[in-house]
Amino acid sequence: MSISLEDIWRHLDGLTKPPRSLGRLEELAARLCLVQQSLSPQTSPRRLVIFAADHGVASAGVTIWPSAVTSLMIRNICEGGAASTVLARQTGTEAVLVNVGTLDDPISEPPPMNSGICYRSRRVCAGTRNLAEEPALTVDEFRQAWDIGAAEARAAAHDQMRVVLAGEMGIGNTTSASCLAMLLADVPLWEAVGRGAGADDATLSRKRNIVEEAVARARALWNSDPLAAMASVAGLEIAAMAGFFVEASVAGMTVILDGSVASAA
2 MSISLEDIWR HLDGLTKPPR SLGRLEELAA RLCLVQQSLS PQTSPRRLVI
52 FAADHGVASA GVTIWPSAVT SLMIRNICEG GAASTVLARQ TGTEAVLVNV
102 GTLDDPISEP PPMNSGICYR SRRVCAGTRN LAEEPALTVD EFRQAWDIGA
152 AEARAAAHDQ MRVVLAGEMG IGNTTSASCL AMLLADVPLW EAVGRGAGAD
202 DATLSRKRNI VEEAVARARA LWNSDPLAAM ASVAGLEIAA MAGFFVEASV
252 AGMTVILDGS VASAA
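Quick note on our numbering: the sequence shown kicks off at 2 and runs consecutively.
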């Protein structure tokens, strides 16, 4: 027999506290109960999977950071110094970094044991193409990245994870995320395109123009080949996250979405 939201709130309101007194925390607890269909939901074991890849559009001036920063951040993550890995260690969350397609592979040896992260190289190709000039990915590349993410979700299910979440690293990926938000959810340009990692006014203006033109080209493809339309503006790590989220949901795990790039996926 399924548990309804009414059942859950009746249970929560019957606990020794003023009803609905925990605000957002209580709302999240109710949602977790509903997703897991349990009045005693579990959040452990849990796993964070970070997908990383480079973006050709970074060369078009949509970001103030060079693509080399992607590999530098991967090294920092694998050394345990990034916010994601620090938080994972502090909360007892397993962490995995999957390289779906950086320009080069920055990790030649397994991360140190005390870093708290596992690294997997699954590079489909050396980054996407420049979506300002041509399709970012072929349909085959998009599918390969999707399958990599789906495989990570199946691995998490096999390891009996109750909760999973995905992170991302890829200079220029907010441009792809903006394109997908407009293409798939009709988010308006002004809302879809932000400054990313600290873009100045000139960079933001250039980014908006590139996104608007790329989405127009993708929309022209939509009726005949929606997968090609998505691939034309996607990122490898975004496609992998999408596959990860879908497969994790099918497997019955609780999935946490956080951030604009993950939400676009």
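Quick reminder that beta carbons are idealized off the backbone N, C-alpha and C, glycines included. Bear in mind the structure is a predicted one, so any value in this text is a computation, not a measurement.
Buried or exposed: which applies to residue i, given that a residue is buried once 16 or more other Cβ atoms fall within 10 Å of its Cβ?
i, result
"residue 147", "buried"
"residue 123", "buried"
"residue 214", "exposed"
"residue 115", "exposed"
"residue 234", "buried"
"residue 225", "exposed"
"residue 267", "Given a span of 2 to 266 for the chain in the structure shown, any question on residue 267 remains unanswerable."
"residue 99", "buried"
"residue 113", "exposed"
"residue 92", "exposed"
"residue 220", "exposed"
"residue 171", "buried"
"residue 55", "buried"
"residue 1", "There is simply no residue 1 to check, as the chain begins at 2 and stops at 266 in what is shown."
Taking the alpha carbon of residue i as the reference point, which residue from the options has its own alpha carbon closest?
i, options, result
"residue 45", "163, 265, 171 and 258", "163"
"residue 159", "25, 219 and 248", "248"
"residue 141", "155, 229, 91 and 85", "229"
"residue 252", "157, 105, 203 and 89", "157"
"residue 168", "63, 2, 265 and 15", "265"
"residue 110", "232, 75, 83 and 18", "75"
"residue 16", "3, 31, 62 and 258", "31"
With C-beta atoms as the reference, is residue i less than 8 Å away from residue j?
i, j, result
"residue 36", "residue 255", "yes"
"residue 183", "residue 193", "yes"
"residue 60", "residue 107", "no"
"residue 9", "residue 40", "yes"
"residue 70", "residue 149", "no"
"residue 42", "residue 33", "yes"
"residue 129", "residue 57", "yes"
"residue 81", "residue 118", "yes"
"residue 64", "residue 204", "yes"
"residue 217", "residue 143", "no"
"residue 236", "residue 151", "no"
Which whole-angstrom value describes the C-beta separation of residue i and residue j, a residue pair presumed to lie in contact below a C-beta threshold of 8 Å?
i, j, result
"residue 239", "residue 179", "Between residue 179 and residue 239 the Cβ distance is about 11 Å, and since that is not below 8 Å, they are no contact."
Look up residue i in the DSSP assignment and give the residues it is bridged to.
i, result
"residue 119", "97"
"residue 169", "52"
"residue 150", "None, per the DSSP bridge assignment."
"residue 102", "54"
"residue 257", "166"
"residue 47", "164"
Measuring only from the beta carbon, is residue i closer than 7 Å to any heavy atom that is part of the ligand MG?
i, result
"residue 201", "The ligand MG is not part of this structure, which contains no ligands at all."
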